[in-house]
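Enquirer:
There are 2 protein chains.
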Amino acid sequence: MTNSWQDSARQKREAILAAIPAEWRLKDLPSVEEQRDVTGDYIRGFLTEREVEITETDAEKIVGKTTTGEWKAEEVTRAFCHRSALAHQLLHCLHEIFYDAAIASARSLDSYYAEHGKPIGPLHGLPVSLKDQFHVRDVETTMGYVGWISTFEGKKGTGKEKVFESEMVKELRILGAVLYCKTSVPHTLMSGETTNNIIGYTLNPKNRNLTAGGSSGGEGALIGLRGSPVGFGTDIGGSIRIPAAFNGLYGIRPSTGRLPYEGMANSMDGQNTILSVVGPLGTTVGSLRLVIRAILSQKPWLHDPLVHDIPWRDSHEQQITSLIDSTDSSKGGKLCFGVMRTDGIVHPSPPILRAIDEVVEALRSQGHEIFEWNPPSHQAILDEAFKTWEFDAGSDIKSAFALSGEPMHPQVAGFSELEKHYKASEIATVNVRLRELKKVYMEYWNSTAKFTKTGRCVDAVIGPAAPWPAARPEKYSYYGYSTWVNALDYTSVVVPVTEVKRDVDVVDANYVPLGERDRKSHESYDPEIYDGAHVSVQLVGRRLEEEKMLAIAEYVGKVVGK
Amino acid sequence: MTNSWQDSARQKREAILAAIPAEWRLKDLPSVEEQRDVTGDYIRGFLTEREVEITETDAEKIVGKTTTGEWKAEEVTRAFCHRSALAHQLLHCLHEIFYDAAIASARSLDSYYAEHGKPIGPLHGLPVSLKDQFHVRDVETTMGYVGWISTFEGKKGTGKEKVFESEMVKELRILGAVLYCKTSVPHTLMSGETTNNIIGYTLNPKNRNLTAGGSSGGEGALIGLRGSPVGFGTDIGGSIRIPAAFNGLYGIRPSTGRLPYEGMANSMDGQNTILSVVGPLGTTVGSLRLVIRAILSQKPWLHDPLVHDIPWRDSHEQQITSLIDSTDSSKGGKLCFGVMRTDGIVHPSPPILRAIDEVVEALRSQGHEIFEWNPPSHQAILDEAFKTWEFDAGSDIKSAFALSGEPMHPQVAGFSELEKHYKASEIATVNVRLRELKKVYMEYWNSTAKFTKTGRCVDAVIGPAAPWPAARPEKYSYYGYSTWVNALDYTSVVVPVTEVKRDVDVVDANYVPLGERDRKSHESYDPEIYDGAHVSVQLVGRRLEEEKMLAIAEYVGKVVGK
Numbered sequence: 005m006t007n008s009w010q011d012s013a014r015q016k017r018e019a020i021l022a023a024i025p026a027e028w029r030l031k032d033l034p035s036v037e038e039q040r041d042v043t044g045d046y047i048r049g050f051l052t053e054r055e056v057e058i059t060e061t062d063a064e065k066i067v068g069k070t071t072t073g074e075w076k077a078e079e080v081t082r083a084f085c086h087r088s089a090l091a092h093q094l095l096h097c098l099h100e101i102f103y104d105a106a107i108a109s110a111r112s113l114d115s116y117y118a119e120h121g122k123p124i125g126p127l128h129g130l131p132v133s134l135k136d137q138f139h140v141r142d143v144e145t146t147m148g149y150v151g152w153i154s155t156f157e158g159k160k161g162t163g164k165e166k167v168f169e170s171e172m173v174k175e176l177r178i179l180g181a182v183l184y185c186k187t188s189v190p191h192t193l194m195s196g197e198t199t200n201n202i203i204g205y206t207l208n209p210k211n212r213n214l215t216a217g218g219s220s221g222g223e224g225a226l227i228g229l230r231g232s233p234v235g236f237g238t239d240i241g242g243s244i245r246i247p248a249a250f251n252g253l254y255g256i257r258p259s260t261g262r263l264p265y266e267g268m269a270n271s272m273d274g275q276n277t278i279l280s281v282v283g284p285l286g287t288t289v290g291s292l293r294l295v296i297r298a299i300l301s302q303k304p305w306l307h308d309p310l311v312h313d314i315p316w317r318d319s320h321e322q323q324i325t326s327l328i329d330s331t332d333s334s335k336g337g338k339l340c341f342g343v344m345r346t347d348g349i350v351h352p353s354p355p356i357l358r359a360i361d362e363v364v365e366a367l368r369s370q371g372h373e374i375f376e377w378n379p380p381s382h383q384a385i386l387d388e389a390f391k392t393w394e395f396d397a398g399s400d401i402k403s404a405f406a407l408s409g410e411p412m413h414p415q416v417a418g419f420s421e422l423e424k425h426y427k428a429s430e431i432a433t434v435n436v437r438l439r440e441l442k443k444v445y446m447e448y449w450n451s452t453a454k455f456t457k458t459g460r461c462v463d464a465v466i467g468p469a470a471p472w473p474a475a476r477p478e479k480y481s482y483y484g485y486s487t488w489v490n491a492l493d494y495t496s497v498v499v500p501v502t503e504v505k506r507d508v509d510v511v512d513a514n515y516v517p518l519g520e521r522d523r524k525s526h527e528s529y530d531p532e533i534y535d536g537a538h539v540s541v542q543l544v545g546r547r548l549e550e551e552k553m554l555a556i557a558e559y560v561g562k563v564v565g566k
Numbered sequence: 005m006t007n008s009w010q011d012s013a014r015q016k017r018e019a020i021l022a023a024i025p026a027e028w029r030l031k032d033l034p035s036v037e038e039q040r041d042v043t044g045d046y047i048r049g050f051l052t053e054r055e056v057e058i059t060e061t062d063a064e065k066i067v068g069k070t071t072t073g074e075w076k077a078e079e080v081t082r083a084f085c086h087r088s089a090l091a092h093q094l095l096h097c098l099h100e101i102f103y104d105a106a107i108a109s110a111r112s113l114d115s116y117y118a119e120h121g122k123p124i125g126p127l128h129g130l131p132v133s134l135k136d137q138f139h140v141r142d143v144e145t146t147m148g149y150v151g152w153i154s155t156f157e158g159k160k161g162t163g164k165e166k167v168f169e170s171e172m173v174k175e176l177r178i179l180g181a182v183l184y185c186k187t188s189v190p191h192t193l194m195s196g197e198t199t200n201n202i203i204g205y206t207l208n209p210k211n212r213n214l215t216a217g218g219s220s221g222g223e224g225a226l227i228g229l230r231g232s233p234v235g236f237g238t239d240i241g242g243s244i245r246i247p248a249a250f251n252g253l254y255g256i257r258p259s260t261g262r263l264p265y266e267g268m269a270n271s272m273d274g275q276n277t278i279l280s281v282v283g284p285l286g287t288t289v290g291s292l293r294l295v296i297r298a299i300l301s302q303k304p305w306l307h308d309p310l311v312h313d314i315p316w317r318d319s320h321e322q323q324i325t326s327l328i329d330s331t332d333s334s335k336g337g338k339l340c341f342g343v344m345r346t347d348g349i350v351h352p353s354p355p356i357l358r359a360i361d362e363v364v365e366a367l368r369s370q371g372h373e374i375f376e377w378n379p380p381s382h383q384a385i386l387d388e389a390f391k392t393w394e395f396d397a398g399s400d401i402k403s404a405f406a407l408s409g410e411p412m413h414p415q416v417a418g419f420s421e422l423e424k425h426y427k428a429s430e431i432a433t434v435n436v437r438l439r440e441l442k443k444v445y446m447e448y449w450n451s452t453a454k455f456t457k458t459g460r461c462v463d464a465v466i467g468p469a470a471p472w473p474a475a476r477p478e479k480y481s482y483y484g485y486s487t488w489v490n491a492l493d494y495t496s497v498v499v500p501v502t503e504v505k506r507d508v509d510v511v512d513a514n515y516v517p518l519g520e521r522d523r524k525s526h527e528s529y530d531p532e533i534y535d536g537a538h539v540s541v542q543l544v545g546r547r548l549e550e551e552k553m554l555a556i557a558e559y560v561g562k563v564v565g566k
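Protein sequence lines correspond, in order, to chains A and B. 556 is the number that this note's numbering gives to position 552 of the first sequence; each next residue is one higher, with no gaps. 355 is the number that this note's numbering gives to position 351 of the second sequence; each next residue is one higher, with no gaps.
1. Can you check which of these residues, 249(A), 90(A), 178(A), 152(A), is closest to residue 124(A) by C-alpha distance?
2. Pop quiz: residue 235(B) and residue 187(B) are said to be a contact at Cβ under 8 Å. What is the actual Cβ separation, rounded to whole angstroms?
3. Please classify residue 311(B): does DSSP put it in a helix, a strand, or coil?
4. The alpha helix (DSSP H) with residue 425(B) in it runs from where to where?
5. What residue from 46(B), 64(B), 49(B) has the CA that sits closest to residue 287(B)'s CA?
6. Under 8 Å: do the region 295-312 of chain A and the region 260-267 of chain A share three or more Cβ pairs, one atom per stretch?
7. Output yes if chain B places a C-beta closer than 9 Å to the C-beta of residue 377(A); else output no.
8. Closest to residue 183(B) by CA distance: which of 108(B), 408(B), 337(B), 439(B) is it?
9. Would you kindly report the start and end of the unbroken alpha helix (DSSP H) that includes residue 329(B)?
10. How is the alpha helix (DSSP H) around residue 520(A) delimited, first residue to last?
11. Which word fits residue 515(B), buried or exposed, when buried means at least 16 other C-beta atoms lie within 10 angstroms of its C-beta?
12. Could you tell me whether the Cβ atoms of residue 95(B) and residue 207(B) are closer together than 9 Å?
13. Whose C-beta lies closer than 8 Å to the C-beta of residue 60(B) among residues of the same chain, with five residues either side of it excluded?
14. Decide if the region 130-138 of chain A is in contact with the region 187-197 of chain A; the criterion is three or more beta carbon pairs, one per stretch, under 8 Å apart.
15. Counting only the same chain and skipping the five closest in sequence on each side, list residues whose C-beta sits under 6 Å from that of residue 4(B).
16. If you count every other CB in all the chains shown that lies within 10 Å of the CB of residue 262(A), and 16 or more means buried, which is it?
17. Which same chain residues, not among the five before or five after residue 531(A), have their C-beta less than 6 Å away from its C-beta?
18. Who are the Cβ neighbours of residue 426(A) in its own chain at under 6 Å, not counting the five residues just before and after it?
19. Step through the CB atoms of chain A and report whether any lies within less than 9 Å of the CB of residue 322(B).
20. Using a Cβ-Cβ cutoff of less than 6 Å, which residues in the same chain neighbour residue 352(B) once the five nearest sequence positions on both sides are dropped?
21. Given this structure, state the Cα-to-Cα distance separating residue 326(B) from residue 321(A), to the nearest angstrom.
Below, the structure is given as structure tokens:
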């Protein structure tokens with residue numbers, strides 16, 4: 005009577021496609037070889053001029069028009085629905101499609117505006133995509149698990165199926181956002197590549213040889229192809245920043261306790277040594293700021309017990325803009341950036357190093373200070389951080405696979421081999437050690453005030469988000485550049501910088517790897533395969549510095565011309 | 005060659021006494037029967053008029069004089085040293101005495117003032133006592149463990165012995181505070197009575213039949229006898245509020261992440277489901293506000309990785325004062341208090357119920373609203389919270405006792421019987437459950453806005469901090485009234501209300517206990533034994549509402565005449 009996991013997966017996969025109106029279906033899908041890059045003119049070819057105009061407008065400008073009645077929510081919504089439908093067919097980036105509900109919701113927003121002459125909230129008529137960890141009424145949350153189909157987080161008969169909504173979903177609705185799709189994730193969420201047995205492998209729109217990243221890979225692919233103006237992902241080891249970086253987007257990993265995670269599905273829920281956080285990805289910093297400010301205006305600390313009562317702080321942004329505008333660079337009235345070109349464990353690939361250099365040069369030319377970042381051991385931090393992923397010996401993940409009998413993809417198969425189940429005193433040791441490492445790093449950061457010309461501490465650290473511009477399938481082998489940030493609970497924003505140029509970003513034939521892990525990483529980069537891919541950097545700030553880091557990221561984006 | 009634990013304990017006990025100057029030693033110590041209450045005129049009999057004046061001035065007024073040069077730091081320090089020395093002899097409340105260092109530090113503050121004509125900081129010349137979890141250079145931290153004598157947290161040769169200082173100690177020095185003693189704790193810290201094999205049992209100065217409370221019991225006894233104007237304790241299940249309540253003091257349990265715990269000794273360090281927090285006890289709310297504001301002025305979030313970047317918020321206080329001053333009580337422009345007379349598990353004793361009624365009547369007479377608090381199950385919250393104390397099967401505590409072979413006192417002997425060591429997935433289950441319970445409680449609190457006349461949520465909940473005004477030795481049997489606050493991470497302030505009156509606070513002969521636990525609690529109360537003891541209530545606010553709750557506590561103290 006019960007379906008095989010293959011049947012269940014296929015039915016779900018077909019149901020997702022079936023939610024796409026016939027007129028938006030692509031008849032002939034090009035192969036990767038035929039069409040490596042599906043962004044730009046390629047995707048525009050399937051859209052009207054008006055749809056292109058709408059979908060290539062950033063979130064901030066969209067609400068500038070939808071909250072003033074210049075654009076109708078329905079038209080905006082339809083345009084993004086159309087483009088997201090194309091994205092899914094070309095990239096496999098959606099888990100749930102609910103265009104009808106979205107259009108109904110857009111219409112009711114338009115009615116509200118017509119009746120009251122004002123928007124319902126600051127996100128009135130803005131389509132927002134959500135990673136498939138958010139619970140949205142009337143649709144499922146599978147998180148890529150076949151065994152979660154027709155359940156609530158793997159359980160049947162909870163009464164929450166297709167009814168329960170995550171806290172942030174409720175807030176987005178109040179703010180006037182239009183929800184229309186949920187985006188793909190790797191099963192387990194614990195991978196920098198997005199693949200699962202339901203929708204397959206999520207491709208990178210700029211270069212379909214490569215992954216869109218993970219675990220918020222569907223968000224990365226979708227927004228990368230402008231099928232969404234802004235969306236929310238989550239990040240426990242890089243899962244917002246990796247897809248942002250791989251798709252030429254801005255993405256922020258806020259510190260824990262800034263945005264509400266309440267009521268979302270998760271992997272290994274209850275592991276509270278390093279918490280997953282939720283945060284936006286978008287095409288501009290303004291988009292990220294818009295949605296964060298909007299969410300904070302809802303006082304999420306009254307609805308999520310883990311959110312701190314910290315409203316949006318304009319003054320933190322203003323401090324940065326006045327430093328930027330300062331003409332007093334001789335006395336150090338400007339910004340000061342640390343630069344970390346390598347963590348000494350795995351060296352970044354040539355395009356990443358070039359991107360860092362371009363950022364450094366652009367900032368230096370504007371009179372900002374650059375400081376060589378020589379931090380305490382990242383290896384020591386990572387050693388503790390990676391333990392947290394294994395605390396429960398993979399039991400939560402194994403049980404999710406056991407529901408259907410589906411196999412684990414190679415990217416996460418390590419979980420099936422875990423045997424050691426940490427006990428309380430071992431977890432306590434990790435907690436103490438991580439706190440000590442945070443303190444040491446914090447005092448290193450404090451100490452920079454003694455060496456900078458500004459006399460202030462380094463404002464942000466420029467470094468890689470990953471060793472490569474993106475990863476080739478089954479080659480995402482190193483999480484160190486993103487995970488140290490989670491371990492220290494720092495605020496971090498990814499900034500797009502450039503694209504891979506096959507003739508410039510060549511491989512050093514004489515390169516001597518630092519070890520086996522570095523060798524694997526080194527060998528996975530190939531200028532031919534990577535040509536045209538987005539290249540991004542990560543800007544890391546201290547804990548709970550979201551306003552400051554967005555202001556810095558916006559400025560860095562400007563000086564590098566993005 | 006190694007001492008027996010008895011010898012080590014005796015030597016340490018004698019060394020503490022030996023640090024008291026001969027002229028401050030009491031020759032004849034009165035028995036409890038001879039002198040139940042050692043506060044007031046009794047203790048004053050050993051002091052000069054000037055010493056009484058100084059030591060009966062609250063912290064806020066002290067710094068009003070020491071920061072303006074009206075009082076010399078040295079004279080203030082000497083007065084509190086003297087009174088604290090008397091307190092220790094009568095109550096056994098100190099673990100470390102360093103009067104010489106304190107006087108030297110006070111002199112250097114006086115020199116600074118003489119030279120610069122201004123104070124070194126907002127706490128210039130204020131003596132501050134510290135629970136024996138703070139590391140202070142030149143003295144030990146035993147935390148009541150014989151095995152910790154001559155070690156750093158039980159370890160030898162760390163290089164930190166008598167050198168390392170806790171973060172807050174450094175900040176207090178910068179602010180101009182004078183450190184002069186460390187106060188007693190129960191071994192393990194996990195008890196509402198303070199007793200250990202080094203200094204014995206810490207008595208309640210107002211009624212020496214009773215405990216001074218725990219685990220910050222030394223702080224409670226010392227400040228209760230005015231041997232300190234303000235001091236810092238810690239609280240994981242009630243350890244600030246219990247001694248504050250038992251000694252007629254104000255004490256605040258801030259939410260986690262508000263004040264720096266960095267670099268302090270602890271029990272079961274690394275258990276991060278429910279974190280211990282640090283907070284002040286003092287004779288007035290002004291004292292607590294003074295030291296919290298001062299600490300926050302040091303931006304502790306730059307030196308403690310677990311502290312949030314939340315400066316002192318004047319506006320939160322002002323909102324309360326304007327509500328209090330509002331004359332618009334008909335429309336609900338006043339405050340609204342929930343009142344919880346019982347948690348339905350253990351009923352409070354008669355004097356606690358009378359204190360709650362007195363508070364309720366006083367507030368009602370001022371036009372404030374009183375709301376019957378019918379919260380979600382406290383039993384469910386406590387079930388999860390108490391598990392956290394047992395996660396490691398007592399292994400951390402057992403190993404501390406094993407260092408010397410000393411026995412556990414009956415109040416904490418339960419730890420020796422623990423066998424179940426929680427594993428990661430079991431801890432995760434507790435974490436998820438606690439988060440769910442927090443959410444449910446949060447939404448109950450939110451829902452009160454629908455029922456109050458103010459149309460706002462309840463501002464604070466009035467309830468017991470413990471079932472009794474204090475506990476008789478070995479009879480502290482129930483932590484539910486304090487620990488629910490830790491489990492939910494709420495802000496809570498204890499407010500003194502009245503004293504036990506043997507003729508008023510009589511036992512109901514027809515009382516039917518709710519169960520065995522309630523029976524034990526009920527039988528431990530005896531009006532004769534308790535006569536004269538302080539009676540306090542607890543005011544509970546939501547998470548990170550320190551400014552608001554201090555303002556409310558100050559007002560409540562005023563209306564009940566304390």
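Even glycine gets a Cβ: it sits at the ideal position worked out from N, Cα and C.
Expert: Checking against the coordinates, here is how it stands:
1. When 249(A), 90(A), 178(A), 152(A) are compared, the shortest CA-CA separation from residue 124(A) is found for 178(A).
2. In this structure residue 235(B) is in contact with residue 187(B), their Cβ atoms being roughly 7 Å apart against a cut-off of 8 Å.
3. Looking at residue 311(B) - three-state DSSP - the assignment turns out to be coil, as it is neither helix nor strand.
4. It is not in any alpha helix (DSSP H) - residue 425(B) carries neither H nor E in the DSSP assignment.
5. Among 46(B), 64(B), 49(B), the Cα nearest to that of residue 287(B) is on 64(B).
6. Short answer: they touch.
7. It does not; no Cβ of chain B falls within 9 Å.
8. Comparing Cα-Cα distances from residue 183(B) to each of 108(B), 408(B), 337(B), 439(B), the minimum goes to 108(B).
9. Start and end: 318-329.
10. Counting along the chain, the alpha helix (DSSP H) containing residue 520(A) begins and ends at 520-528.
11. Around the C-beta of residue 515(B), fewer than 16 other C-beta atoms lie within 10 Å, and the residue is accordingly described as exposed.
12. Between residue 95(B) and residue 207(B), the C-beta gap is smaller than 9 Å, which places the two residues in contact.
13. Shown here for residue 60(B): same chain residues with a beta carbon closer than 8 Å to its own, the five before and five after excluded, namely 230 in chain order.
14. The region 130-138 of chain A, when compared against the region 187-197 of chain A, does touch it at the 8 Å Cβ threshold.
15. Residue 4(B) is absent from the structure shown; chain B starts at 5 and stops at 566.
16. Residue 262(A) is buried by the Cβ-count criterion.
17. If we look at residue 531(A) and ignore the five residues flanking it on each side, its Cβ neighbours are 506, 509, 510.
18. Beyond the five residues adjoining it in sequence on each side, residue 426(A) comes within less than 6 Å, by CB distance, of 395 in the same chain, given in chain order.
19. Not one chain A Cβ lies under 9 Å of residue 322(B).
20. Closer than 6 Å at the Cβ level, and outside the excluded window around residue 352(B), lie 468, 471.
21. Rounded to the nearest angstrom, the two C-alpha atoms are 30 Å apart.
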